Amino acid sequence: LPAWLCLAALLLPLSLPAPSAAGPCPRPCRCPRAGILLCREPDTVGSLAPLLGIGSFTDVIIENQQALTTLTRADTRMLRNLRNLTISGSGLQHISADAFLDTPRLSHVNLSSNALQSLSWKTFQHLPLQELILVGNPFNCSCSLRWLQLWQNSSRAELGNQTLLCWEGSVQVPLSSQVLHACDPPIVHIESPEVVLRQGDSVNLTCHISADPPATAEWVVPEVGPELLIVTKASSAFQGYGRDWEIVLEINNISFYLNHKDLTCRAENAAGPAEDSVMLNVTFPPMILLLDEAIPRHSWCIPFSVDANPIPSIHWLFNGSELVEGPYIHTLIMEYEHNSTILHGCLQLNRPTHVNNGNYTLLVRNPLGSAARSVQGRFMDNPFSFSPEEPIPVSLSPLGTRNSSLEGPVETTDEHTFGVSVAVALAVFACLSLSVMLILLNKCGRRSKFGINRSAVLAQEDDLAMSLHFMNLGSSPLSSTESKLEGLKSNFIENPQYFCNACVHHVQRRDIVLKWELGEGAFGKVFLAECYNLLPEQEKMLVAVKALKEVTESARLDFQREAELLTVLQHEHIVKFYGVCTEGEPLIMVFEYMKHGDLNRFLRSHGPDAKILEQGPGQPRGPLALGHMLHIATQIASGMVYLASLHFVHRDLATRNCLVGHDLVVKIGDFGMSRDIYSTDYYRVGGRTMLPIRWMPPESILYRKFTTESDIWSFGVVLWEIFTYGKQPWYQLSNTEAIECITQGRELERPRTCPSEVYAIMQSCWHREPQQRQPIKEIHSRLQALVKTPPVYLDILG
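In our numbering, each residue carries its 1-based index in the sequence shown increased by 50.
Listed below in structure tokens is the structure:
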């Protein structure tokens, strides 16, 4: 914003008139500002009640009012917001014990230079007093002022800084040095500080009191609900006189409602109050207070609340069988209630799929008993037309029927041998036929494995300039119209050899066993799955499966194009594409599984804010060293060198679109989920188009021009992300402010952990003229050199 506009915004509130009080100001007082009552005109106020009933005040100042002699609850009952009270230089002689019962926020009280001869501690016992001024009052030296001596000794309410005087006969002496004989608060003691009982037991609690002067005493039992059936009685009257005595509390049929509750014995006399408490530890069997249906949070959560003493063990059954917990399904205890055994938690399910649908039973046990309750969990519908964990059913009946009968034909040994022979012969014939068909298809190259004419798909001019936003089917950063225009503008030359011999591998649907959901994007969902018979050296392996949501003709065309493109891209730092499954619905792509997820989350979980961002059990946390960060950057640069050699443009290079695997292996690729998970990284244009403007160079923002040089700019921003542990570029600015900074030529500041040699590489990526940006191959070479000989970097700020 312009400087003059910011200055005007700051000065505007100063030029506005002060708000008036909530109501009219009572005469003869003044109200200089809202909430302040000022009464200084001498001898015009005899009672506060008529004044304070008019408005709501936080500050009341009354001076020079000799007719004002008493202050009671009736005078202050309308001042619930009162914080500061001054009554000075007046004739105030008496303040009732309940005078401030309706002013719970009162913290500053000035009662100086009045006619107070005595003052009770009960008047102030419940207030959050920060300051109490009492100088200038003609106090009488008596036991009723003992509490003031104690407060002075502990400097409570700023009384330690005041010289308070009291009259002893005709002599005025300092209160702090006055010896008040036989005048101390009571001494209260309960025999047992903690009592352990079982529910239903009875107990007698004895409270010993020693007091001089005499005191009154009582047991204070908490209100614990209407279901509590107890009887309380004392061994003597609640009012006692003498130095030493006791009262007894008898409770029959102890309820669990009293567990971890304090029972208080309270005594008081003129010198002050005293109390002692005992906590009941009531043991009882578990109870399930709450078990609700699963709710989606960051992960799915089945919330529960249980109560038991001793603390119970918690177990779960899934469809009647024991649920084995792990990093993806586990019990999370969220909180314990203060002074209670109630604990709240949830069964947390990370990305559950339809295989997790079912009946969940909560079991809680302790030595006194157990409790169980069930709830249905439903997380998603089956995306397949059959259960992927079972073989596809095949009918053996010649009519395709499956009439079940207990008296069906029994297979003989001869029939079995004949059946095996026929099956082997058919398999050999099928292999020979398939080999011939593959040879013919490879020679012709006209029809694809998807049953779509290849020439119709790849003949358009805009398809010849392939803009790589791979693994992001159905969620391109630009709308379809914009993509076509960019294709026509592009200067890239497509090598026809990229596609004509592409052979997309097909995976059998029965070989894919879904485990749980990893994420969701505009195209559909991504699952972690086990895949059988994918590689010759492994019977099964973990893979990431991307299931297409739509099965329209347009979606099938995009699906084919992407599959053929991904088959071409083979590099150690590009996420590996294994093939497709087109049997039935949904259409599926099978990718390499990277166990640590996207690089942005990995960086955040290994940075200075890792403990704040940690959301539960998972990968081990630890800081990334300079060598680690250079190793990550070099791998991404290697993948970009490969893409640039094929004249492919990524358009959305960012740490959120890189994946991390075992041993800190980093690869380029995403599953089209970044726009949903990292929605704040994108700027919506025209309703549909989502642009990662914080990673884009000026020419891409202003003219939607995407080239290998624009990818180099984005790589510089990726370097900045790595060395800030995953911070968002221009995180302190809005999208429009970030666009303004980028188009005006401002650069991201050097990260604190970044050596100057690395920041120089970033700056070489951020030249305004695309042709002046350093080629990605040279950047990769510079990073490789830094990995071999890391720069010496001293964090002088840390």
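For glycine and all other residues, C-beta sits at the position ideal for the given N, C-alpha and C. All of these numbers come straight from a predicted model, not from anything done at the bench.
**Prompt:** If you compare alpha carbons, which of E603, L177, I383 and E241 is closest to H365?
**Reply:** Locating residue 365 in the sequence shown gives position 315, counting from the first residue. Comparing Cα positions, the closest option is I383.
**Prompt:** For the alpha helix (DSSP H) that contains L653, what are its first and last residues?
**Reply:** Here residue 653 refers to the residue found at position 603 when the sequence shown is read from its first residue. Start and end: L649 to R654.
**Asked** For D659, which of helix, strand or coil comes out of DSSP?
**Response** In the sequence shown, residue 659 corresponds to position 609, counting from 1. In the structure shown, D659 sits in coil (DSSP, three-state: anything other than H, G, I, E or B).
**Asked** For N503, which residues from the same chain have a beta carbon less than 6 angstroms from its beta carbon, with the 5 sequence-adjacent residues on both sides left out?
**Response** Stepping through the sequence shown from its first residue, residue 503 is reached at position 453. With a pLDDT of only 35 at N503, under the threshold of 50, the placement of this residue in the model should not be trusted; the figure read from the coordinates follows. None.
**Request:** Give the secondary structure of A344 by DSSP, where H, G and I count as helix, E and B as strand, and everything else as coil.
**Result:** In the sequence shown, counting from the first residue as 1, residue 344 sits at position 294. Coil.
**Straight-line gap, R496 to C553 (C-alpha atoms, nearest Å)** = The residue you call residue 496 lines up with position 446 of the sequence shown. The residue you call residue 553 lines up with position 503 of the sequence shown. Low local confidence applies: a pLDDT of 38 at R496 is under 50, so the model's placement there is unreliable, with the coordinate-based value given in what follows. Each residue's alpha carbon lies about 13 angstroms from the other.
**Asked** Looking at the structure shown, is H176 part of a helix, part of a strand, or coil, going by DSSP?
**Response** Taking the sequence shown and counting its residues from 1, the one referred to as residue 176 is at position 126. It is coil, neither helix nor strand.
**Item:** Interface flag, Q249 vs chain D, CB-CB below 8 angstroms
**Value:** Annotation note: the requested chain D is absent from the structure, which comprises a single protein chain.
**Asked** Are the beta-carbon atoms belonging to Q212 and L179 less than 8 angstroms from one another?
**Response** Locating residue 212 in the sequence shown gives position 162, where the first residue counts as 1. Locating residue 179 in the sequence shown gives position 129, where the first residue counts as 1. For Q212 and L179, no; Cβs fall outside 8 angstroms.
**Request:** Would you mind reading off the limits of the beta strand (DSSP E) that contains E570?
**Result:** Position 520 of the sequence shown, counted from the first residue, corresponds to residue 570. Counting along the chain, the beta strand (DSSP E) containing E570 begins and ends at I562 to E570.
**Message:** Determine whether the beta carbon atoms of N131 and T94 lie at a separation below 8 angstroms.
**Reply:** Walking along the sequence shown from the start, residue 131 turns up at place 81. Walking along the sequence shown from the start, residue 94 turns up at place 44. For N131 and T94, no; Cβs fall outside 8 angstroms.
**Message:** Do S146 and R123 count as a contact pair if the criterion is CB distance below 8 angstroms?
**Reply:** The residue given as residue 123 occupies position 73 in the sequence shown. The residue given as residue 146 occupies position 96 in the sequence shown. Yes, Cβ-Cβ distance for R123 and S146 is below 8 angstroms.
**Request:** Determine the contact status of C191 and V223, defining contact as a CB-CB distance below 8 angstroms.
**Result:** As a working mapping, residue 191 is identified with position 141 in the sequence shown. As a working mapping, residue 223 is identified with position 173 in the sequence shown. Going by C-beta atoms, C191 is nearer than 8 angstroms to V223.
**Asked** What's the gap between the Cα of L703 and the Cα of I379?
**Response** Residue numbering aside, residue 703 sits at position 653 when the sequence shown is read from its first letter. Residue numbering aside, residue 379 sits at position 329 when the sequence shown is read from its first letter. So the two alpha carbons sit approximately 32 angstroms from each other.
**Prompt:** My guess is that F765 and I829 are in contact by the Cβ rule of under 8 angstroms, so how many angstroms apart are they, rounded?
**Reply:** Within the sequence shown, numbered from 1, the residue matching residue 765 stands at position 715. Within the sequence shown, numbered from 1, the residue matching residue 829 stands at position 779. The pair is a contact, with the Cβ atoms about 7 angstroms apart (cut-off 8 angstroms).
**Request:** Label L798 either buried or exposed according to how many other C-beta atoms from any shown protein chain fall within 10 Å of its C-beta, with 16 as the threshold for buried.
**Result:** Start at 1 with the first residue of the sequence shown, and residue 798 comes out as number 748. Its Cβ being crowded by 16 or more others within 10 Å, L798 is buried.
**Message:** Applying the 10 Å Cβ sphere with the 16-neighbour rule, what's the burial state of A320?
**Reply:** Indexing the sequence shown from 1 puts residue 320 at position 270. Buried: at least 16 other Cβ atoms inside 10 Å.
**Request:** Evaluate contact between the stretch 685-698 and the stretch 628-646, counting only Cβ atoms and requiring at least three cross-stretch pairs below 8 angstroms.
**Result:** no
**N-terminal and C-terminal residue of the beta strand (DSSP E) that M812 is part of** = Residue 812 sits at position 762 when you count from the first residue of the sequence shown. First-last for M812: S806 to C815, but that is the alpha helix (DSSP H), not the beta strand (DSSP E).
**Asked** Which residue's Cα is closest to the Cα of F627: V601, V595 and P658?
**Response** The count along the sequence shown starts at 1 and reaches residue 627 at position 577. The residue with the shortest Cα to Cα distance from F627 is V595.
**Prompt:** Among R248, P264 and R560, which residue has its Cα nearest to the Cα of Y307?
**Reply:** One-based indexing of the sequence shown puts residue 307 at position 257. Closest by alpha carbon: R248.
**Contact check, L341 vs I392, beta carbons under 8 angstroms** = What you label residue 341 is simply residue 291 of the sequence shown in a count that begins at 1. What you label residue 392 is simply residue 342 of the sequence shown in a count that begins at 1. Not closer than 8 angstroms, so no.
**Item:** Closest Cα partner of E790 within the set P747, Q813, L680 and Q778
**Value:** Along the sequence shown, read from residue 1 onward, the residue named residue 790 stands at position 740. The option with the nearest alpha carbon to E790 is P747.
**Request:** Could you have a look at D761 and say whether DSSP puts it in helix, strand or coil?
**Result:** The residue given as residue 761 occupies position 711 in the sequence shown. Correct three-state label for D761: helix.
**Item:** E587 classed as buried or exposed, judged by whether at least 16 other C-beta atoms fall within 10 angstroms
**Value:** Within the sequence shown, residue 587 is the residue found at index 537, counting from 1. Counting Cβ neighbours within 10 Å, E587 comes out exposed, since fewer than 16 surround it.
**Request:** Please name the residue in E318, T758 and E567 whose C-alpha comes closest to that of W350.
**Result:** One-based indexing of the sequence shown puts residue 350 at position 300. Among E318, T758 and E567, the Cα nearest to that of W350 belongs to E567.
**Request:** Could you please give me the residues that DSSP links to R248 through a beta bridge?
**Result:** Against the sequence shown, residue 248 aligns to sequence position 198. T333, per the DSSP bridge assignment.
**Item:** Minimum C-alpha distance to H404 - residue among P336, E372 and F577
**Value:** On the sequence shown, position 354 is the one that residue 404 refers to. Checking every option, the nearest Cα to that of H404 belongs to F577.
**Request:** Buried or exposed for K838, please, with buried defined as at least 16 other CB atoms from any protein chain shown within 10 angstroms of its CB.
**Result:** Along the sequence shown, read from residue 1 onward, the residue named residue 838 stands at position 788. Per the 10 Å Cβ criterion, exposed.
**Request:** In the DSSP assignment, find the alpha helix (DSSP H) that holds A613 and state where it starts and stops.
**Result:** Residue numbering aside, residue 613 sits at position 563 when the sequence shown is read from its first letter. Per DSSP, A613 belongs to the alpha helix (DSSP H) from E603 to V618.
**Item:** Beta-carbon proximity of A421 to P336, cut-off 8 angstroms
**Value:** Within the sequence shown, residue 421 is the residue found at index 371, counting from 1. Within the sequence shown, residue 336 is the residue found at index 286, counting from 1. A contact, by the Cβ cut-off of 8 angstroms.
**Request:** Please go through the same chain and pick out, in chain order, the residues whose beta-carbon is closer than 7 angstroms to the beta-carbon of S65, but skip the five residues on each side of it.
**Result:** Residue 65 sits at position 15 when you count from the first residue of the sequence shown. At S65 the pLDDT is 41, less than 50, meaning the model places this residue with poor confidence and gives no usable figure here.
**Message:** Can you tell me whether T757 is buried or exposed? The criterion is at least 16 other CB atoms within 10 Å of its CB, across all chains shown.
**Reply:** Here residue 757 refers to the residue found at position 707 of the sequence shown. Per the 10 Å Cβ criterion, buried.
**Request:** Jot down the residue ranges of each uninterrupted alpha helix (DSSP H) in the stretch 185-211, minimum 4 residues, whole runs only, in chain order.
**Result:** 196-203
**Asked** With burial defined as no fewer than 16 other Cβ atoms inside 10 Å of the residue's Cβ, what is the status of L598: buried or exposed?
**Response** Locating residue 598 in the sequence shown gives position 548, counting from the first residue. With 16 or more Cβ atoms within 10 Å of its Cβ, L598 is classed as buried.
**P323 - partner residues in DSSP beta bridges** = In the sequence shown, counting from the first residue as 1, residue 323 sits at position 273. Note: P323 sits in a beta bridge opposite E318.
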